[in-house]
Structures are given as C-alpha cells and as structure tokens.
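**Student:** In my numbering, the protein residues as written are 87 to 476.
What follows is a structure written as structure tokens; I'll ask about it next.
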Amino acid sequence: MKMAVLQWDPDTNGYGLEVVEVRTLEDLPSLRGEAATPIVGASIVLDGRLNYVSTEKQFRDAVLDDPGTAAKAQFLEKDGVYWPSDFQSLSLASAYYGFERARAYALARGVDPEALRGVPVYYFPSFRVNRDDRGKDNAAWYSSLRSFLLFRFEELQSIPLAMNQGVIAHEYGHGIFTAEVHGGAWNPDYVDRWCPVSCVDTAGPIMLSLLEEGFADVWAVATTGDPRFIGHSLLEWEGRGRDLNYFDPKAHCWSQREFDEEIGYFARYFAGSREKAEHWGPRKYELGTVWASALYGASKAPNTDLDRVVDALRASYRSIGPRSLAAVVAEDPTGDSFGRLDTIASAIIAGAPDDATRVALCAVFQDRLSLTADALGAACSGVPSNGQCR
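Following this line, the structure appears as structure tokens:
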C-alpha cells in the first residue's frame, strides 16, 4: 500500500512529505497492523491505587481509567496513493510507518517476530501522576503496560515526537530491551531484589535506566541512519548532547569511580524528592550517551559497521547465555554486579559477531570507560585502547 507520510531526507537533513510503501498494515482507517495498534482517547492515571496491585490485570485495571478506542484516520486516494486528509491522520500514518521501519530493522537483526507484534500505541493519551498532568511533549515505552505512549505536543514546535522516525525507533529499542532482557515481564523480579526499600542508592537500577537510553539511541541511529535524529524535535542545545557524530571528551569519557560518585550524589541530594526526577530525567540521557557514543565510535573502526555493533549489543541481551545481561539481571542479588561498567562492556564484547567488531569494542570501551584489557577479559587481550579520551 502506498501512503504519504512525513519522512526524513538524509540529503537535506530535514523532514518532508514522501510517498512510501507500507507493507504490514492490516486496516487503513485504524492504521492497525503487524507493526502497531494505535489507540486514541485513553486515560492513564498513576496514583495510590498502585499500592494494592499484585497482578498484571490489577495493574491494567488500576492505571487505565479509560482504555481508549481504535484510531480513525482519514485519507484521500489518488492514483493508488493514500494521502492523509488532516494533520492527525498524517501524524498517525507517519508514526505507523516509523514503527514499521523499526520493526523491520529489529527483525533483520534477529529479534523474534512475535516480540512486539501489533504492539499497542497509545496516541495522545491523558496521562496523570496523581493530579499532575504529564501527558505532553514526550514519547515513551511503558514496560508495565507493554505499550508505547505518544503524547500531545505543546511546547515542542519542531517535528512532533510522534512523527520523528528516530524517536519511534528509540522507543522501539526500549521495547526490545524489555522483551529480551526481562523476558517481556510487566513487573520484572529484579525490582524486589535490588530495591527492597529504595532504588536511589542502588547501582543496578541506575545503570539500567541510563543503559536503556543509550542503547535505544543506538537502535534509533541504526534504524534511520540519522545520528542527529533527536535534534529535529528538541532545541538545538538539547539535541547536540545526543548527536552521535559529535565527540566531546568531557561528556563522553567516563569511569567506574565517576559512576559511583554519581550514585552517591543522586542518593544524598535527591532521594525521595521532586528534584530527583527533575535531575535524573535529563541526566540519564547524558550518561546514556556515554554508551551510545562508544558503540557508535566502535562502528567507525575498520572492517565493521553499525549493524554488526548492534548485532553484538542485541546478542548481549540474551543470546550469549550465562554472561548475558538477562542472566546478570536474573542472578545478581543486589544489583551491584549490574552496576559495574566492565560487566556491561564484557557482555557486549562477548556478543561480537566477528573479530573486527570485537577488537573495535575492546578498544573503545577501554578508552571511553577507563577500563583495562584485563578487566574486559581474554577477548580483549593484546587490544590497545584507541586513546581518544587522553
């Protein structure tokens, strides 16, 4: 089916209307298909009712004040091409195509075809935390609902996040992480083990949150070929911090000591406060970019590329067995092991599909994360650091 959507043009580094072939759509008016199931008019509320939840059904009943209905997009057909007839229809069509591209790339990298098939996408839902409206200028993967959320835009006046292909692919990357590392669980059991009282001073959950953001950015860039994808929607200074073409030693070179200090600072000053969310919201993207920039840098080494780096990343989730991130999450009693840079880096290196990619990852992780070859294991023996952070 041919459809007009908003599409990124690498030649101009801008978005414009383009006719594309949509291959997975099953119903045009609702824009429902293998890649996504859009839902409009939903109301999601997070409040005290969650204190009484113990099952997935109870959770869904508690948070979905209104489950919403199927989307109803409008199109005009001309010469075999379906043209959205209003802005919301264009937004929905562009979002569906973004999910289709993200799914196609994930399948090409070996993700299970049943993972995220027809995944619910709550489009412009009402979203409240207690009485606070949080449902604007954002997009998210909500793992407990196993659904994507595309919020209305108010302050962001560039390309809406729902129409930004890189943003869609980024969120899809989160969905893949949940499916493979956590087995798709709505409430992974590591939470009770790692956070019996609070997560604010525990290394594992903090590492997990920033890792997901960095890894999702890598999925986004690999899917779209656009290392500056977030800059189409955010202010220039915000987007530059996640531009993977841009290397800044002050921002992209890190160490275990600095990570441990970050946890201490976070716990000491922000535990249990509103400032915690306001601090950690942007900070997790900054620290996640350390990982994203390292992986993207490895892809520029001789005889490898970003697809092969993503293959290593995806293999680290589950495929490499006892050293995988899934295994570490399942077996780590406190989160301390998952909170170590060498644990994460070694898992990705173990997933490398060939020697060139292995060497590139060894070199970049030694450099960007201040790790020794010995700390990364036998796979990195004799591989020197690439020296960018000196």
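Beta carbons: idealized from backbone N, C-alpha and C, even for Gly.
Computed from a predicted structure; not experimentally measured.
#1: Return the chain-ordered list of same chain residues with a C-beta closer than 8 Å to the C-beta of Ser319, the five sequence neighbours on each side being excluded.
#2: Quick one: grab the DSSP three-state call for Lys370.
#3: Whole beta strand (DSSP E) runs in the segment 121-185 with 3 or more residues, listed along the chain?
#4: Could you have a look at Trp340 and say whether DSSP puts it in helix, strand or coil?
#5: For Leu296 and Leu373, which I take to be in contact (beta-carbon distance under 8 Å), what is that distance rounded to the nearest angstrom?
#6: Compare the C-alpha of Ala255 against each of Asp422, Phe185, Ser180 and name the closest.
#7: Can you find the residues in the same chain that come closer than 6 Å, C-beta to C-beta, to Ala302, ignoring five residues on each side of it along the sequence?
#8: Compare the beta carbon distance of Tyr182 and Leu235 with 8 Å and say whether it is the shorter of the two.
#9: Would the segment 135-147 count as touching the segment 221-228 if we require 3 or more Cβ pairs under 8 Å?
#10: Closest to His268 by CA distance: which of Ser284, Thr309, Tyr138, Val415 is it?
#11: Do you know offhand how far Gly421's Cα is from Thr288's?
#12: Give a yes or no on contact between the segment 334-352 and the segment 271-285, applying the rule of three or more CB pairs nearer than 8 Å.
#13: Determine the extent of the beta strand (DSSP E) in which Ala226 is found, giving its start and end residues.
#14: Mark Asp219 as exposed unless 16 or more other C-beta atoms lie within 10 angstroms of its C-beta, in which case mark it buried.
#15: Please report how far the alpha carbon of Val215 lies from the alpha carbon of Val283, in whole angstroms.
**Tutor:** If we stick to the structure as given:
#1: Leu242, Ser244, Ile245, Pro246, Leu247, Asn250, Val253, Gly325
#2: helix
#3: 123-126, 129-132, 150-152, 161-164, 167-170
#4: coil
#5: 4 Å
#6: Phe185
#7: His256, Gly259, His260
#8: no
#9: no
#10: Val415
#11: 7 Å
#12: no
#13: 225-228
#14: exposed
#15: 21 Å
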